[in-house]
Amino acid sequence: MIHFKTLFYKKSLLIFTVFVSLFCIKSFAQEDKKNANLSVQFIKLMKEHSSTIEIVAQFKEKKIFSPCKNLMLSIYKLENAEDTLGVKIGTCVTNDLGKATFVIAKKYSGPSSSFTAKIEKSKVYEDNAETISVMNASIEASIEKTDSTYNIKARLVDENNNPIADEALLVGLKRTFGNLSMGEEDSYTTDADGNIIVPIDKNLTGLNGVLNFQVILKENDTYGTVVANLYSKFGVPITDKSTFDKRTMWSPPTKTPLFILIIPNIILIGIWSILTMLLINLYKIYKSKN
Numbered sequence: 005m006i007h008f009k010t011l012f013y014k015k016s017l018l019i020f021t022v023f024v025s026l027f028c029i030k031s032f033a034q035e036d037k038k039n040a041n042l043s044v045q046f047i048k049l050m051k052e053h054s055s056t057i058e059i060v061a062q063f064k065e066k067k068i069f070s071p072c073k074n075l076m077l078s079i080y081k082l083e084n085a086e087d088t089l090g091v092k093i094g095t096c097v098t099n100d101l102g103k104a105t106f107v108i109a110k111k112y113s114g115p116s117s118s119f120t121a122k123i124e125k126s127k128v129y130e131d132n133a134e135t136i137s138v139m140n141a142s143i144e145a146s147i148e149k150t151d152s153t154y155n156i157k158a159r160l161v162d163e164n165n166n167p168i169a170d171e172a173l174l175v176g177l178k179r180t181f182g183n184l185s186m187g188e189e190d191s192y193t194t195d196a197d198g199n200i201i202v203p204i205d206k207n208l209t210g211l212n213g214v215l216n217f218q219v220i221l222k223e224n225d226t227y228g229t230v231v232a233n234l235y236s237k238f239g240v241p242i243t244d245k246s247t248f249d250k251r252t253m254w255s256p257p258t259k260t261p262l263f264i265l266i267i268p269n270i271i272l273i274g275i276w277s278i279l280t281m282l283l284i285n286l287y288k289i290y291k292s293k294n
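Just so we're aligned, residue 5 is where the sequence shown starts under my numbering, counting upward by one.
Rendered as structure tokens:
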């Protein structure tokens, strides 16, 4: 009987130890997850007739923000302001910079839209969500010529084509590393009719003379980001002055200038010839003494 009780206590202790160990491991794993911060932006492209959600995911470690790489995000469409669950419409994955882009299908667009980006069931990061709500807005833009001057005329309107006043629009020429601002101001505020007029600088260069202007309502709290692209062909064509295929000092090794190849080799041959003559004479002197 005593032996049976001892065996029973040992088994009970073993089961209890295993249970506590599993609980501790699970708790440790949950505490070890990182807290990721999400930043969501809504972008509408007028010419392309498309909308996207731009997401940036970061986590803070040792007072430094680092990107969340290869993080799966779920995108939900919310039916109204009171909807907390929404309908899942797709997923996207962040790149090495912690950024992801989700293209919104046209059927999910409307006068007002709310979307949520969620981190769900991640093994590395804790569950988190960020919601963005925007009203639909559009930019009607065109290039007009008055005498010899070109101007960009843009109008900001809402879903019902009503003008949106007192909103700042950025106007610039798209370049490789950013936009070159047009006019004298950094931004232009729409008037009561939602209009702005911006003069275009002269002698602007572009590939084959094509210029890509942009009118942007940027990161607005109500309407998100709206981008209108304008293309024109009155720019100054870019002249290719590259010397990549010529023999210059900054060309690749296969295009080394001839004088650099010839002169150093002549000098080296001369030095080795002198050394060779000295060695031969030293050998002759040594042989003559013997």
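Even glycine gets a Cβ: it sits at the ideal position worked out from N, Cα and C.
Nearest C-alpha to Ser70 among Met76, Leu77, Ala61 and Ser78: Ala61. Ala141 is classed as buried because its beta carbon has at least 16 other beta carbons within 10 Å across all chains shown. Counting C-beta pairs with one atom in each stretch, the region 108-115 and the region 41-60 have three or more that are closer than 8 Å, which means they touch. In the same chain as Thr98, and ignoring 5 residues on each side of it, the C-beta atoms closer than 6 Å to its own belong to Ala61, Cys72, Leu75 and Ala104, in chain order.
Given a length threshold of 3 residues, each whole run of the beta strand (DSSP E) inside the region 59-122 is given here in chain order: 68-71, 76-82, 91-97 and 103-108. In the DSSP assignment, Ile136 is bridged to Phe119. Less than 8 Å separates the beta-carbon of Leu42 from that of Asn132. Looking at Leu160, Tyr80 and Val202, the one whose alpha-carbon comes closest to that of Tyr112 is Tyr80. For Lys51, no alpha helix (DSSP H) segment is defined, and its DSSP state is neither H nor E. Assignment of beta-bridge partners to Tyr154 by DSSP yields Lys149. Counting along the chain, the unbroken alpha helix (DSSP H) around Leu282 starts and ends at Leu262 to Lys293. No residue range can be given for Ala196, since it is assigned to no beta strand (DSSP E) and is classified by DSSP as neither H nor E.
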